[in-house]
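Colleague: Those sequence lines, one after another, are chains A and B.
Basically the working numbering = 1-based index in the first sequence + 40.
Basically the working numbering = 1-based index in the second sequence + 595.
Ideal placement from N, C-alpha and C gives every residue a C-beta, glycine not left out.
All figures in this text were calculated on a predicted structure; none of them were measured in a lab.
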Amino acid sequence: MNLSVTLLILLSTVIGFLGSLTGLGGASILVPILVFFGIPIKEAIAAGMIAIIGSSSGSALSYVRNQMANIRLAMFLEIFTVIGGIAGATLTVIINPVYLYFFFVLFLATSFIKIRSKSQDIANAKDKRDFLTKWLACDGAYYDKSCDKKIEYYPRNGLLGGAGMFVAGLAAGMLGIGAGAFKTTVQENILRMPTKVSSATSNFIIGMTALGGASVYLFSGLLNLSLMAPIAIGTTIGAIFGGRILNRIKDKYLKILFLVIVSALIIQMLYKGITSIWNL
Amino acid sequence: MEPLKENNSKIEVILSYILIAGVIVSLMLMIAGMVLLYLESGSFIISRDPSMFIKGSNFFSFILDIFKGNGPENTALLLLTIGTIILMLTPFIRVVASLIYFIWIRDKKYIFITLIVLIILIITLSFH
Chain A
41 MNLSVTLLIL LSTVIGFLGS LTGLGGASIL VPILVFFGIP IKEAIAAGMI
91 AIIGSSSGSA LSYVRNQMAN IRLAMFLEIF TVIGGIAGAT LTVIINPVYL
141 YFFFVLFLAT SFIKIRSKSQ DIANAKDKRD FLTKWLACDG AYYDKSCDKK
191 IEYYPRNGLL GGAGMFVAGL AAGMLGIGAG AFKTTVQENI LRMPTKVSSA
241 TSNFIIGMTA LGGASVYLFS GLLNLSLMAP IAIGTTIGAI FGGRILNRIK
291 DKYLKILFLV IVSALIIQML YKGITSIWNL
Chain B
596 MEPLKENNSK IEVILSYILI AGVIVSLMLM IAGMVLLYLE SGSFIISRDP
646 SMFIKGSNFF SFILDIFKGN GPENTALLLL TIGTIILMLT PFIRVVASLI
696 YFIWIRDKKY IFITLIVLII LIITLSFH
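1. For a contact defined as C-beta to C-beta under 9 Å, what are the partners of N243 (chain A) on chain B?
2. When you compare the CB positions of S52 (chain A) and I271 (chain A), do they come within less than 8 Å of one another, or not?
3. Going by the beta-carbon positions, is the gap between Y193 (chain A) and D184 (chain A) smaller than 8 Å?
4. Give me the chain B residues within the contact set of S44 (chain A), using Cβ-Cβ distance strictly less than 9 Å, ordered along the chain.
5. Does DSSP put F639 (chain B) in a helix, in a strand, or in coil?
6. Please name the residues in the region 707-720 of chain B whose beta-carbon is closer than 7 Å to at least one beta-carbon of chain A, in chain order.
7. Buried or exposed: Y696 (chain B), going by 16 or more other Cβ atoms within 10 Å of its Cβ?
8. So for D170 (chain A), helix, strand or coil by DSSP?
9. Would you give the residue range spanned by the alpha helix (DSSP H) that E228 (chain A) belongs to?
10. Would you tell me roughly how many angstroms separate the C-alpha atoms of I688 (chain B) and L320 (chain A), rounded to the nearest one?
11. Counting only beta-carbon separations shorter than 8 Å, does S656 (chain B) have a partner in chain A?
12. For L200 (chain A) and chain B, any beta-carbon pair shorter than 8 Å?
13. How is I314 (chain A) classed by DSSP in three states: helix, strand or coil?
14. Determine the chain B residues that contact L267 (chain A) at a beta-carbon separation under 7 Å, and present them in chain order.
15. Using the rule of at least 16 other Cβ atoms within 10 Å of the residue's Cβ for burial, across every protein chain shown, is L299 (chain A) buried or exposed?
16. Would you mind reading off the limits of the alpha helix (DSSP H) that contains Y141 (chain A)?
17. Let me know if F144 (chain A) comes out buried or exposed under the rule of 16 or more other beta-carbons within 10 Å of its beta-carbon.
18. With a threshold of 8 Å between beta-carbons, can V618 (chain B) be considered close to chain A, or not?
19. Among residues of its own chain, excluding the 5 on either side of F222 (chain A), which ones have a beta-carbon nearer than 6 Å to its beta-carbon?
20. Is G66 (chain A) closer than 8 Å to S95 (chain A) when the C-beta atoms are compared?
21. Can you name, in chain order, every residue of its own chain whose Cβ lies under 7 Å from the Cβ of L210 (chain A), other than the five neighbours on each side?
22. With distance defined between alpha-carbon atoms, name the residue in A:N197, A:A109, A:L113 and A:S266 nearest to L43 (chain A).
23. Near L674 (chain B), which residues of its chain fall below 6 Å by C-beta distance, leaving aside the five closest residues on each side in sequence?
24. So the alpha helix (DSSP H) Y194 (chain A) belongs to, where does it begin and stop?
25. Show which residues of chain B have a CB atom less than 7 Å away from the CB atom of R112 (chain A).
26. Look up I301 (chain A) in the DSSP assignment and say whether it is helix, strand or coil.
27. Are any of the Cβ atoms in chain A nearer than 8 Å to that of E668 (chain B)?
28. Is F662 (chain B) close to chain A? Criterion is C-beta to C-beta, closer than 8 Å.
29. Please state whether the Cβ-Cβ distance between V133 (chain A) and S260 (chain A) is less than 8 Å.
30. So what does DSSP say about F687 (chain B), is it helix, strand or coil?
31. Is DSSP giving K703 (chain B) helix, strand or coil here?
32. In whole angstroms, what separates the C-alpha of S693 (chain B) from that of L117 (chain A)?
33. Of all Cβ atoms in chain B, is any one closer than 8 Å to the Cβ of V207 (chain A)?
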């Protein structure tokens, strides 16, 4: 099927918008759609990886507004995600593309699992820090508008959190996605960071992880300039608008939208994967 | 205990503007490249021609090559390539700037941590 540039820019804008609304991220929706249009999965992944850098660096705009990201912790966690991203991208370059369809389905399926964050026990949290997080001195504080007070937090489980971030990086590099939902889950449930700080910090980390993966894809001969450019343009613009409208849409509609999108993508990737095994 | 880390915020705000500027410049170059590509070929179809694929060996020598004028001869492809490089440089610049900041405030732990990230990135960008 022929995919035109105008259609691709339009699609990417809508997807960047939907991606930031549902918290799924643009690329994890876009890669299956590119595959649907007949783009080889490895090329779709490489293009997605570069495009993510745009939406992540572009999200620096929201940092200027709220300054919630924990820069120190982000830098520490980037060690793990970048190594994971490079390892994942290297795997994708060498393995048989058939596996990638199924890894993608697996990843999409995990996004159904919503781990509810336990109510945060802020009290005494300072004593629960382990040696590593104490050494890192990554405690933070932010001003929460909704309850009008300054909230201090003390991350813990530094090593386990790092391991979780490595897995997130691996998935991101391998599938050409941001894996933002996975990253915030690790940050909230293992490192025990407040939700708002988690998503702000994860935006920073996504860009760096993507750079790790992209540096592998750049010279692997998989990066198609005419494919990557419309995606980068569209998703970045879409993500900017999505981020602005996020607070105005009802949760219920978001959940239905999310369910429909993810189910459709899973079915399509499964179909592709099975038919390509058939044709082996 | 450190409260809101005022200085940290200030440098990050400056840095954020650099990143946003980088993204804007990169997207503008890509848009220009796409328009030129259309004018040349007269077609809006995504091309899978071999000339569309980036090839090279090392990110840094790749940049040098383009500066020396050894990049793609086609202007549209050159614009798209430079746009991609600038986009990839935005997170890279952020690490370098963070390193400078941590050296400035003499935070040895984070100089060390930032150096690890930087070295990993330089190694992967160099060996391919």
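Modeller: Looking at the atomic coordinates:
1. Going along chain B, no residue has its Cβ under 9 Å from N243 (chain A), so there is no contact; the nearest lies around 11 Å.
2. In terms of Cβ geometry, S52 (chain A) and I271 (chain A) form a close pair [threshold 8 Å].
3. Their beta carbons are not under 8 Å apart, which means Y193 (chain A) does not touch D184 (chain A) by this criterion.
4. Neighbours of S44 (chain A) on chain B, chain order: S638, F639, I640 and I641.
5. Per DSSP, reduced to three states, the secondary structure at F639 (chain B) is coil, with no helix or strand assignment.
6. Answer in chain order: I708, T709, I711, V712, I715, L716, T719 and L720.
7. Under this definition Y696 (chain B) is a buried residue.
8. The three-state secondary structure of D170 (chain A), taken from DSSP, is coil.
9. For E228 (chain A), the enclosing alpha helix (DSSP H) starts and ends at G220 to N229.
10. Just so you know, the alpha carbons of I688 (chain B) and L320 (chain A) end up roughly 44 Å apart.
11. S656 (chain B) does not count as touching chain A.
12. No Cβ of chain B is located within less than 8 Å of the beta carbon of L200 (chain A).
13. Of the three classes helix, strand and coil, the one that applies to I314 (chain A) here is helix, per DSSP.
14. Under a criterion of Cβ atoms nearer than 7 Å, the residues of chain B adjacent to L267 (chain A) are, in order, I641.
15. Around the CB of L299 (chain A), fewer than 16 other CB atoms lie within 10 Å, so the residue is classed as exposed.
16. P137 to T150 is the extent of the alpha helix (DSSP H) around Y141 (chain A).
17. That one is buried.
18. It does: the Cβ of V618 (chain B) has a partner Cβ on chain A nearer than 8 Å.
19. Within the same chain, F222 (chain A) has close Cβ partners A208.
20. Yes; because the gap between Cβ atoms is below 8 Å, this pair is in contact.
21. For L210 (chain A), the CB contacts under 7 Å within the same chain, skipping 5 residues up- and downstream, are G124, A127 and G128 in chain order.
22. Distances from the alpha-carbon of L43 (chain A) to those of A:N197, A:A109, A:L113 and A:S266 put A:S266 closest.
23. Only residues of its own chain outside the window of five on either side were considered, and among them L624, A627 and G628 have a CB closer than 6 Å to the CB of L674 (chain B), listed in chain order.
24. Counted as a single uninterrupted DSSP element, the stretch harbouring Y194 (chain A) is not any alpha helix (DSSP H), since DSSP gives it neither H nor E.
25. Within 7 Å Cβ-Cβ: Y705.
26. It is helical.
27. Not one beta carbon of chain A lies nearer than 8 Å to the beta carbon of E668 (chain B).
28. Cβ-Cβ to chain A under 8 Å: no for F662 (chain B).
29. For V133 (chain A) and S260 (chain A), yes; Cβs fall inside 8 Å.
30. In the three-state reduction of the DSSP assignment, F687 (chain B) falls in the helix class.
31. Correct three-state label for K703 (chain B): helix.
32. Taking the straight line joining both Cα atoms gives about 14 Å.
33. It does not: the Cβ of V207 (chain A) has no partner Cβ on chain B nearer than 8 Å.
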